[in-house]
Amino acid sequence: MTGFKTTLIVCKQCGRRIMVRTADAERGSITCSHVGCGAINNLQTSFHFDENIVRGLPGFGQLTYLDDPEITYPLRFGSNVIGIADSCTVQVTRFVHNGRCFISRRHCTLSVTFDKWTGQLRYQLQDGAVDSITQTIQYSLNGTLLGGALLKKTEMIDVGDGEIITLGGTDRFRLMHYSIAPAMLETYKVELDFNPDRTQ
Ligand SMILES: [Zn+2]
Numbered sequence: 001m002t003g004f005k006t007t008l009i010v011c012k013q014c015g016r017r018i019m020v021r022t023a024d025a026e027r028g029s030i031t032c033s034h035v036g037c038g039a040i041n042n043l044q045t046s047f048h049f050d051e052n053i054v055r056g057l058p059g060f061g062q063l064t065y066l067d068d069p070e071i072t073y074p075l076r077f078g079s080n081v082i083g084i085a086d087s088c089t090v091q092v093t094r095f096v097h098n099g100r101c102f103i104s105r106r107h108c109t110l111s112v113t114f115d116k117w118t119g120q121l122r123y124q125l126q127d128g129a130v131d132s133i134t135q136t137i138q139y140s141l142n143g144t145l146l147g148g149a150l151l152k153k154t155e156m157i158d159v160g161d162g163e164i165i166t167l168g169g170t171d172r173f174r175l176m177h178y179s180i181a182p183a184m185l186e187t188y189k190v191e192l193d194f195n196p197d198r199t200q
């Protein structure tokens, strides 16, 4: 998975090719080996992470009901529709307060994606859910809040680890991210090309 290929770059001073080795790449610079030059060339390396890493993860985070931490809901990779309907990815309990439930059938959508630049999962929340028949977003009746602030319609907002999502103004859930371990991440690192030149 991880692979550092032997790479040649063109020296910025003498214009001749120099071979970059792993140690140079790790240091981030290389000294030109050509006679009479010796210029230090900075290596503009960059990398991202292979999204196939998500296939090997044991979980994708969860929501915990604040009034009863025993109640937790696991999330899956991709789109999680949260609500009380059977059709939801995350079907929550029909919590009743003074005889009323404030959570809509399909209340909000929490998307779990992989950010290949940070190597971590990204959680984004929006009010409502796409209706399977009309293919349009049907908003919740009583709104979705993040950290106490009401989400605007069509707004899609990042949810940090430990942040509180409130459904219908009453029922609060804490999002726990799944954090990918650095050791695992290292094996899915993909080196990108050097600038300005790359030759195998
Ligand atoms: Zn040189």
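In terms of the numbering used here, the sequence shown has 64 at position 64, counting the first letter as 1, and numbering is strictly consecutive.
Just so you know, even glycine gets a beta-carbon here, dropped at the ideal spot from N, CA and C.
Because the structure is a prediction, the values reported are computed rather than measured.
query, result
"Selection from Phe173, Arg122, Ala183 that minimises the alpha carbon distance to Tyr73", "Phe173"
"Backbone CA spacing between Met176 and Ile18 [nearest angstrom]", "47 Å"
"Nonlocal neighbours in the same chain, by C-beta distance under 8 Å from Thr31, ignoring five residues either side", "Gly38, Ala39, Ile40, Asn41"
"DSSP bridge partner residues for Pro145 (one or two, in chain order)", "Here the sequence assigns Leu to residue 145, which means Pro is not the residue at that position. Answer is Leu150, Thr166, bridged to Leu145."
"Residues near Arg105 by beta carbon distance below 7 Å, same chain, minus five either side", "Gly83, Ile84, Ala85"
"Contained beta strand (DSSP E) runs [length at least 3] in the segment 95-125, N- to C-terminal order", "108-115"
"Coarse secondary structure for Val130, derived from DSSP in three states", "strand"
"Every unbroken beta strand (DSSP E) inside the segment 67-94 [3 residues or more]", "72-74, 78-83"
"Through-space distance from Leu192 to Asp115, alpha-carbon basis", "16 Å"
"Boundaries (first-last residue) of the alpha helix (DSSP H) holding Thr22", "22-27"
"CB contact flag (Leu75, Gly61, <8 Å)", "yes"
"As assigned by DSSP and simplified to three states, the class of Ile180", "coil"
"Where Val10 falls: helix, strand or coil (DSSP)", "strand"
"Three-state class that DSSP yields for Val54 in the structure shown", "helix"
"Contact test: Gln126 Cβ vs ligand 1 heavy atom, cutoff 7 Å", "no"
"Phe49, enclosing beta strand (DSSP E) - first and last residue", "47-49"
"Proximity of Ile157 and Gln124 at Cβ, strictly below 8 Å", "yes"
"Spatial neighbours of Val81 in its chain, beta-carbon cut-off 6 Å, leaving aside the 5 residues before and after", "Cys88, Thr89, Arg106, Thr109, Ala129"
"Ligand 1 heavy atom lying under 7 Å from the CB of Arg17", "no"
"Any non-hydrogen atom of ligand 1 within 7 Å of His177 CB", "no"
"Residues proximal to ligand 1 by C-beta, any heavy atom closer than 5 Å", "Cys11, Gln13, Cys14, Cys32, His34, Cys37, Ala39"
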